[in-house]
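Engineer: Counting from 2, one number per residue, gives the positions in the sequence shown under the numbering used here.
Every residue gets a Cβ at the ideal spot worked out from N, C-alpha and C, and that includes glycine.
These figures come from a predicted structure and were not determined experimentally.
Here you go, one structure.
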Amino acid sequence: MTDKYAVIGHPISHSKSPLIHHAFAVQTQQDISYQAIEAPLDGFKSTIERLVNEGYKGCNVTVPFKFEAFKLCNQLTGRAQAAQAVNTLFFRDGEVLGDNTDGVGMLADIEQNLACKLLFKRVLLLGAGGAAHGVIWQIFNAGATITVANRTLEKARQMVSEFAPYGTVIASTFEGLEGKSYDVIINATSSSLADELPPLPDGLFKPNSLAYDMMYGKHSLFMKFAAEQGASHCADGLGMLVEQAAEAFFKWREVRPDTAPVIAKLRA
Ligand code: ATR
């Protein structure tokens, strides 16, 4: 029997997840269906209940429901607890189990696909919202030194305070970055969505720096700025999108798909 999965968001019509999971299913010969479902903004919980009742095995969760998903789970993985957000649900014996594959997805893209190991690298994470929270623990666990810069300093401070028992993560304003430079600069703000650019000072990028925008689908102002500032490597979040999907697929199906041909297909 075909096992049913879905991605839930609002809006959802733009989602590439069905395409990605269909490609994984064909590649690994898994008998699954995967559809995009738009839940009403006030109807996430009832949509999940419906899927459980209809025998779905799990689903992905995207904007704006990742925090709500986190709150309704009966059980959470450690990485979902750390991120305080859930992007992958499992429905098992009437229970809803939550995981978060965004951080490992980004790490796989940066360290494997882009061949940039984060151990002892100076990483600047721009933003202190949900997207930044979803990935910061993986960056920290990879052994990087992290500065979090955010428009609202208090939110950056709050985020870095979680790391106090384990190591130093620094909070900064954008102005506070003046005169500093980093090996990897990750844009986890939602500025690219609005065609805006955080007010970044000159000189942040070194010739070998990697500029990484978690957004995908367009050449963002952040990517343009990074190239102008001399960053030799610029990447958008398409690889991360496919890698987080691959990790979810692996957890659901216990078979790991090959991401490279799927990334290549989406780029084409
Ligand atoms: P997401 O889930 O996409 O992270 P979010 O939780 O609303 O969304 O967080 C958005 C992040 O982008 C925040 O860090 C926000 O900064 P503030 O905390 O100061 O609001 C940041 N952001 C959004 N637009 C921005 C802009 N034009 N310049 C700089 N930062 C921006």
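Drop a sphere of 10 angstroms on the beta-carbon of Val185, count the other beta-carbons inside from all chains shown, and report buried for 16 or more, exposed for fewer.
Structural biologist: To locate residue 185, count along the sequence shown from 1; it is residue 184. Its Cβ being crowded by 16 or more others within 10 Å, Val185 is buried.
Engineer: What do you reckon, is the C-beta of Ser16 under 7 Å from a heavy atom of the ligand ATR?
Structural biologist: Taking the sequence shown and counting its residues from 1, the one referred to as residue 16 is at position 15. False, no ligand heavy atom lies under 7 Å from that Cβ.
Engineer: From the DSSP output, in three-state form, read off Gly44 for me.
Structural biologist: Residue 44 sits at position 43 when you count from the first residue of the sequence shown. Coil at Gly44, not helix or strand.
Engineer: Which of the three DSSP states, helix, strand or coil, is assigned to Gln85?
Structural biologist: As a working note, residue 85 is residue 84 in the sequence shown. Of the three classes helix, strand and coil, the one that applies to Gln85 here is coil, per DSSP.
Engineer: Taking only three categories from DSSP, how would you classify Ile49?
Structural biologist: For the purposes of this step, residue 49 is taken as the residue at position 48 of the sequence shown. Looking at Ile49 - three-state DSSP - the assignment turns out to be helix.
Engineer: Is the region 237-248 touching the region 258-266, taking contact as three or more C-beta pairs under 8 Å?
Structural biologist: Result yes; three or more Cβ-Cβ pairs closer than 8 Å.
Engineer: CB-CB under 8 Å to Phe206, same chain, minus the five flanking residues each way: which ones, in chain order?
Structural biologist: Along the sequence shown, one-based indexing puts residue 206 at 205. Excluding sequence neighbours, Phe206 sits near Ser182, Tyr183, Ile186, Ala212, Ala227, Gln230, Gly231, Ala232.
Engineer: Does the count of Cβ pairs from the region 162-176 and the region 248-259 closer than 8 Å reach three?
Structural biologist: No: the two stretches stay apart, fewer than three of their Cβ pairs being nearer than 8 Å.
Engineer: Does the region 109-121 come close enough to the region 76-85 to have 3 or more Cβ pairs within less than 8 Å?
Structural biologist: Short answer: they don't touch.
Engineer: Can you give me the Cβ contacts of Asn75 inside the same chain, cut-off strictly under 8 Å, excluding the 5 residues immediately before and after it?
Structural biologist: What you label residue 75 is simply residue 74 of the sequence shown in a count that begins at 1. Hits under 8 Å: Glu96, Val97, Leu98.
Engineer: In whole angstroms, what separates the C-alpha of Phe68 from that of Asp32?
Structural biologist: Reading the sequence shown from its first residue, position 67 is the one you call residue 68. Reading the sequence shown from its first residue, position 31 is the one you call residue 32. Going from the Cα of Phe68 to the Cα of Asp32 covers about 30 Å.
Engineer: Taking only the alpha-carbon atoms, compute the straight-line gap between Ile137 and Gln245 and give it to the nearest angstrom.
Structural biologist: Indexing the sequence shown from 1 puts residue 137 at position 136. Indexing the sequence shown from 1 puts residue 245 at position 244. Going from the Cα of Ile137 to the Cα of Gln245 covers about 15 Å.
Engineer: Using the Cβ count rule (16 or more neighbours within 10 Å means buried), how would you classify Met160?
Structural biologist: The count along the sequence shown starts at 1 and reaches residue 160 at position 159. With 16 or more other Cβ atoms within 10 Å, it is buried.
Engineer: For Val87 versus Asn101, is the C-beta distance shorter than 8 Å?
Structural biologist: Numbered from its first residue, the sequence shown carries residue 87 at position 86. Numbered from its first residue, the sequence shown carries residue 101 at position 100. Going by C-beta atoms, Val87 is nearer than 8 Å to Asn101.
Engineer: Does the Cβ-Cβ distance between Ala116 and Leu90 come in under 8 Å?
Structural biologist: Stepping through the sequence shown from its first residue, residue 116 is reached at position 115. Stepping through the sequence shown from its first residue, residue 90 is reached at position 89. No; because the gap between Cβ atoms is not below 8 Å, this pair is not in contact.
Engineer: In three-state terms, what does DSSP make of Asn142?
Structural biologist: Indexing the sequence shown from 1 puts residue 142 at position 141. Three-state result, Asn142: helix.
Engineer: Which whole-angstrom value describes the C-beta separation of Val149 and Phe92, a residue pair presumed to lie in contact below a C-beta threshold of 8 Å?
Structural biologist: Here residue 149 corresponds to residue number 148 of the sequence shown, with the count starting at 1. Here residue 92 corresponds to residue number 91 of the sequence shown, with the count starting at 1. At roughly 34 Å, the Cβ-Cβ gap does not stay under 8 Å, so Val149 and Phe92 are not in contact.
Engineer: Using a threshold of 7 Å, is the CB atom of Thr102 nearer than that to any non-hydrogen atom of the ligand ATR?
Structural biologist: Taking the first residue of the sequence shown as position 1, residue 102 is located at position 101. No - the ligand ATR has no heavy atom lying nearer than 7 Å to the Cβ of Thr102.
Engineer: So, under 8 Å CB-CB, Ile1 and Val62 are touching, yes? Tell me the CB distance rounded to an integer number of Å.
Structural biologist: Examination of residue 1 is not possible in this model, given that the chain is present from 2 through 269 alone.
Engineer: For Glu55, which of helix, strand or coil comes out of DSSP?
Structural biologist: Stepping through the sequence shown from its first residue, residue 55 is reached at position 54. Looking at Glu55 - three-state DSSP - the assignment turns out to be coil, as it is neither helix nor strand.
Engineer: Report back the beta-carbon spacing between Phe121 and Gly144 to the nearest angstrom; my notes put them in contact at under 8 Å.
Structural biologist: As a first step, residue 121 must be located in the sequence shown, where it is residue number 120. As a first step, residue 144 must be located in the sequence shown, where it is residue number 143. The Cβ separation is near 6 Å, so the contact holds.
Engineer: Starting from the C-beta of Leu77, find all residues in its chain whose C-beta is less than 8 Å away, skip the five residues before and the five after it, and write them out in chain order.
Structural biologist: Locating residue 77 in the sequence shown gives position 76, where the first residue counts as 1. Only Phe71, Val87, Leu98, Gly99, Asp100 meet the Cβ criterion.
Engineer: What is the rounded straight-line gap between the Cα of Gly177 and the Cα of Ala247?
Structural biologist: The residue you call residue 177 lines up with position 176 of the sequence shown. The residue you call residue 247 lines up with position 246 of the sequence shown. Each residue's Cα considered, the two are about 37 Å apart.
Engineer: Is Leu119 helix, strand or coil when you go by DSSP?
Structural biologist: By 1-based counting over the sequence shown, the position of residue 119 is 118. Here Leu119 sits in coil by DSSP.
Engineer: Please classify Thr3 as buried or exposed, where buried requires at least 16 other C-beta atoms within 10 Å of its C-beta.
Structural biologist: By 1-based counting over the sequence shown, the position of residue 3 is 2. When all chains shown are included, Thr3 counts as exposed.
Engineer: Kindly indicate the opening and closing residues of the alpha helix (DSSP H) around Glu244.
Structural biologist: Within the sequence shown, residue 244 is the residue found at index 243, counting from 1. Unbroken alpha helix (DSSP H) run through Glu244: 239-254.
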